[in-house]
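A.B. asks: Starting off with a structure, shown below.
Residue numbers (our numbering), protein chains in the order written: chain A, 3 to 514; chain B, 3 to 514.
This is the structure we're talking about:
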């Protein structure tokens, strides 16, 4: 990232000055652009053509990313040069990309989001006149912003087969990660002038993980008394989104639930072809089309560039070019309102345009105002100006945490009845009188000391040992008990039980 | 469970014989009924009144379950007598129940499903004339059955705080559990005459867990060539459900995704008040209303009994009373078609009925046929006749599994940079030359030996040790390495790395 290059561009500073009187610390004027695969190059060309016609003062550095770079042996799907460019410029505008299947490589989109810590995924969904949906026909207007946590949850991709039959994925929710995205969501509401932010979750079932997310939401909410905050169970949210979507303004969610709800909302406004996506980080941000690469129509010049254009418009706002953003968005809305469309949507009665014609139609409408939903140039940008880090940033609660070790859950492979396993587990307690066997569960349901004969079992059990009252235990002892136990049963995993500030840091088994 | 009592009821055997020529092994005629909390007693009374008017040959034993039994000190929310009755009779028909909040007790609904192994949750969603929705107004008919896995996933409730800042939930997906519910889904399609079954999942991200579910689906599908099987990513499914719901017939999903999609589908047909729910097990099954207890209107006699009635109709089919089921369902559809409604739905212009009046309206319409969607008595029941188990049933793959231990992931609490942690980890390898340090990750993203300085860190790392090529390792060694490591950093958990049948039983880190 270079302050010099950025500030050196006089045109941009001037442009910005025209519609902003506050001074920006600095502004990047050059951004990295990755065309993407399939229809990517066509729609990117169309969008940049519109940008140029609107006199957007951006310079582009094209970077090498996508399927062909996987195929050429780059395991992350991008060249070292591309990575360096993106990290230097801090902003990537990208077309859709394909990750080859069956090669064991991870999704390039997910890798980019995680490695560069773009912790917030923002997607704005609004009714577009000319794009018919079940809801537009019913006269129900939609204007919802989804903020999705972008790093954690099961997207950590930490999965293990404990036995041939039992797969476990670790769902991670952290306090600093939750705070980052929730704070972003509240700030976004302020910038956009939104009045309500809901936190959707499943904390009634996932009490520690989603419970943590909800707890952080409620804490951060106290700092934003001007925004009406509420929470809602995610399944209830989905029911309401398909019946009364007009009641929601902004929703913040964990990663997977946010993924599902985002696409549901995309469906409400016409599909992925009509929804922008921004991945926001403190140093690097990514604006992208999240629809597929549509290999069946690639190269035919007929793809719909709307989603990428909407992402580009979000990007312009983010960079402070809100006058450009408003002009282009109004031209797009006006064009759609006129019934102009590509082949994938719109009235069958009117002929569809190809990609270039559609872009040209928008260009010819620059300066027009749509009849409905016209936007004005607002101050809703969020240009990040973090100094390039010299080492990885470490986020954690530094003070006021008192920990106590309580015991251990040992997960074992065993094809026996609970009583037999309890006998084996107790045998190894002879070596350490500080511990007692408190519970055995199977798939989370207690099966020892009490349980139901109707609970069916798989060949992976959890054995819970806790310290006896008044005793203290050490990690080494726990690991040695596990090692002893491994003489009789196969250990799959070992999970320590902790209390934090006197509060239990682990859940009870179902039925415990 | 008693064969004698059941067969002794001559009326039922006769009734069944009238519309079935095949002989049933036996049929339970007495079922357990739990009224539930809030509006539960009122709507249960209405439904049983309709059953009696339709001459349904069932006997009811009322059991003590719900909020007041939690309050009276029963930690599972039911009396021992209730549990025994339900296990003996094998069928529970229940109203909505409330689990007290903040007492640390688990949801009675979830406990019941898990302890009694009701592995499949079936919910049938169909357009009901007279119940207006966005989709009914658009003339889009909905007829979708969701089969949700009911035991596993994050509903196992196995969660741990690894550090004060980092919560982890274990998402469990098993081969036998997946097979049970997927097989049920295919069988259900055959019984109901459905032609298409889709498996929705997120196997592109959760490669081992949802990957296992999808793999089992594809295996089981080969046994049902008469059913068209397909799979779909769950977020794509949600987008399509809100735009083209008429393209789906039946969908099978894992637990949380199934929960979300079920409620989305409930929204499509008018909400939880219009959707039945059946929890199917091999020994015990539960039919219930899944809406809330509506404490604000409890006791006023104005609640809508439709969801509980629809669940009751499903139950009648399950028990083989399909002629009764058809008569009652047709009367309900006819009644709704006439614009008859309770206060929570229907045209504002026509006065609403109270609960008893609504039930009486349905009773007066027994024998009527609706103009649209009339049902006929079909053979689509699935009466389970499992012999009461004498011990817990253990399900696992017994043969053909070759395991190899590869290494270990050690999760530690550490507030340092990756390089420092790598130095500590390597120090302890001096004791065991069979191992090497291959990777360190943070929130699933690799940060050592390579990574990006832009990846932000929480105070919990994963350290991956693998055996060197050609060497063999034992569990004890792994646990001892972990014990040694605990001298320098706090261990949170230890997860073994295994290969099964030569295939990697763990995922790579993002960027590895």
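Beta carbons: idealized from backbone N, C-alpha and C, even for Gly.
Going along chain A, which residues have a C-beta under 9 Å from residue 493 of chain B?
C.D. replies: 477, 480, 481, 496 and 498
A.B. asks: Just checking, does the segment 260 to 276 of chain B make contact with the segment 150 to 163 of chain B on the three C-beta pairs under 8 Å criterion?
C.D. replies: Taking 8 Å as the limit for Cβ pairs, the verdict is that the segment 150 to 163 of chain B does touch the segment 260 to 276 of chain B.
A.B. asks: Does DSSP put residue 398 of chain B in a helix, a strand or coil?
C.D. replies: Correct three-state label for residue 398 of chain B: coil.
A.B. asks: DSSP three-state label for residue 433 of chain A, please.
C.D. replies: helix
A.B. asks: Got a sec: which bits of the segment 234 to 247 of chain B sit with their beta carbon under 8 Å from any beta carbon on chain A, in order along the chain?
C.D. replies: Residues passing the 8 Å Cβ filter: 236, 237, 238, 240, 241, 242, 243, 244 and 245.
A.B. asks: Three or more C-beta pairs under 8 Å: does that hold for the segment 285 to 305 of chain A against the segment 154 to 170 of chain A?
C.D. replies: no
A.B. asks: Please report how far the alpha carbon of residue 63 of chain B lies from the alpha carbon of residue 33 of chain B, in whole angstroms.
C.D. replies: 6 Å
A.B. asks: Please check the pair residue 327 of chain A and residue 318 of chain A, which I expect to be a contact at CB under 8 Å, by giving their CB distance rounded to whole angstroms.
C.D. replies: 4 Å
A.B. asks: Where in the segment 181 to 263 of chain B do unbroken runs of the beta strand (DSSP E), each at least 3 residues long, occur, reported from the N-terminal end onward?
C.D. replies: 198 to 203, 230 to 235 and 252 to 255
A.B. asks: Got a sec? Which residues, its chain only, sit under 8 Å from residue 24 of chain B by beta carbon, not counting five neighbours each side?
C.D. replies: With a pLDDT of 36 at residue 24 of chain B, under the threshold of 50, the predicted position of this residue should be treated as unreliable, though the coordinate-derived value follows. So the list is empty, once near-sequence residues are dropped.
A.B. asks: In angstroms, rounded to a whole number, what distance separates the CA positions of residue 392 of chain A and residue 442 of chain B?
C.D. replies: 19 Å
A.B. asks: Taking 8 Å as the CB-CB cut-off, is residue 108 of chain A touching chain B?
C.D. replies: yes
A.B. asks: Give the straight-line distance between the Cα atoms of residue 235 of chain A and residue 216 of chain A, rounded to the nearest whole angstrom.
C.D. replies: 11 Å
A.B. asks: Please list the residues of the segment 196 to 228 of chain A that have a C-beta atom closer than 9 Å to any C-beta atom in chain B, keeping them in chain order.
C.D. replies: Within the segment 196 to 228 of chain A, the residues whose Cβ lies closer than 9 Å to some Cβ of chain B are 204, 206, 207, 208, 209, 210, 211, 212, 213, 214 and 215, listed in chain order.
A.B. asks: Who does residue 411 of chain A pair with in a DSSP beta bridge?
C.D. replies: A:466 and A:497
A.B. asks: Return the chain-ordered list of same chain residues with a C-beta closer than 6 Å to the C-beta of residue 48 of chain A, the five sequence neighbours on each side being excluded.
C.D. replies: 307, 357 and 361
A.B. asks: Whole angstroms is fine: what's the gap from residue 405 of chain B's alpha carbon to residue 427 of chain B's?
C.D. replies: 26 Å
A.B. asks: Taking the alpha carbon of residue 517 of chain A as the reference point, which residue from A:172, A:504, A:220 and A:197 has its own alpha carbon closest?
C.D. replies: Outside the shown range of chain A, which is 3 to 514, sits residue 517 of chain A, and nothing can be said about it.
A.B. asks: Would you mind reading off the limits of the alpha helix (DSSP H) that contains residue 64 of chain B?
C.D. replies: Per DSSP, residue 64 of chain B belongs to no alpha helix (DSSP H); it is in the beta strand (DSSP E), 61 to 64.
A.B. asks: Please list, in chain order, the chain B residues whose beta carbon lies closer than 8 Å to that of residue 508 of chain A.
C.D. replies: 161, 162 and 163
A.B. asks: In the segment 116 to 133 of chain B, which residues sit with their C-beta less than 7 Å from some C-beta in chain A, listed in chain order?
C.D. replies: So the list reads 116, 117, 118 and 119, given in the order they occur along the chain.
A.B. asks: So if I threshold CB-CB distances at 9 Å, which residues from the segment 266 to 280 of chain B count as touching chain A?
C.D. replies: 266, 267, 268, 269, 270, 272, 273 and 274
A.B. asks: Put residue 26 of chain A into one of helix, strand or coil per three-state DSSP.
C.D. replies: Low local confidence applies: a pLDDT of 45 at residue 26 of chain A is under 50, so the model's placement there is unreliable, with the coordinate-based value given in what follows. In the structure shown, residue 26 of chain A sits in coil (DSSP, three-state: anything other than H, G, I, E or B).
A.B. asks: Using a Cβ-Cβ cut-off of 8 Å, state whether residue 310 of chain B counts as contacting chain A.
C.D. replies: no
A.B. asks: Could you tell me if residue 143 of chain A is buried or exposed, where buried requires 16 or more neighbouring beta carbons within 10 angstroms of its beta carbon?
C.D. replies: Classification of residue 143 of chain A: exposed, given that the 10 Å Cβ count is below 16.
A.B. asks: Using a beta-carbon distance cut-off of less than 9 Å, what residues from the segment 167 to 183 of chain A approach chain B?
C.D. replies: 167, 168, 169, 170, 171, 172, 173, 174, 175, 176, 177, 178, 179 and 182
A.B. asks: If you reduce the DSSP assignment to three classes, tell me which class residue 69 of chain A lands in.
C.D. replies: helix
A.B. asks: Just checking: is the beta-carbon of residue 187 of chain A within a distance shorter than 8 Å of some beta-carbon in chain B?
C.D. replies: no
A.B. asks: With C-beta atoms as the reference, is residue 253 of chain B less than 8 Å away from residue 200 of chain B?
C.D. replies: yes
A.B. asks: Please list, in chain order, the chain B residues whose beta carbon lies closer than 7 Å to that of residue 371 of chain A.
C.D. replies: Neighbours of residue 371 of chain A on chain B: none; closest Cβ ~29 Å, over 7 Å.
A.B. asks: DSSP puts residue 93 of chain B in a beta bridge; with which residues?
C.D. replies: B:287
A.B. asks: Give the residues of chain A in contact with residue 335 of chain B, contact being defined as C-beta atoms less than 9 Å apart.
C.D. replies: Close to residue 335 of chain B, with beta-carbon spacing below 9 Å, lies no residue of chain A; the smallest spacing is near 21 Å.
A.B. asks: Would you mind working out which of B:51, B:325, B:211 and B:371 sits nearest residue 332 of chain B, comparing C-alpha positions?
C.D. replies: B:371
A.B. asks: CB residue 330 of chain B to CB residue 94 of chain B, shorter than 8 Å?
C.D. replies: no
A.B. asks: Taking C-beta pairs closer than 8 Å, name the residues in chain A that residue 157 of chain B reaches, listed in chain order.
C.D. replies: 207 and 446
A.B. asks: Nearest chain B C-beta to residue 396 of chain A closer than 8 Å, yes or no?
C.D. replies: yes
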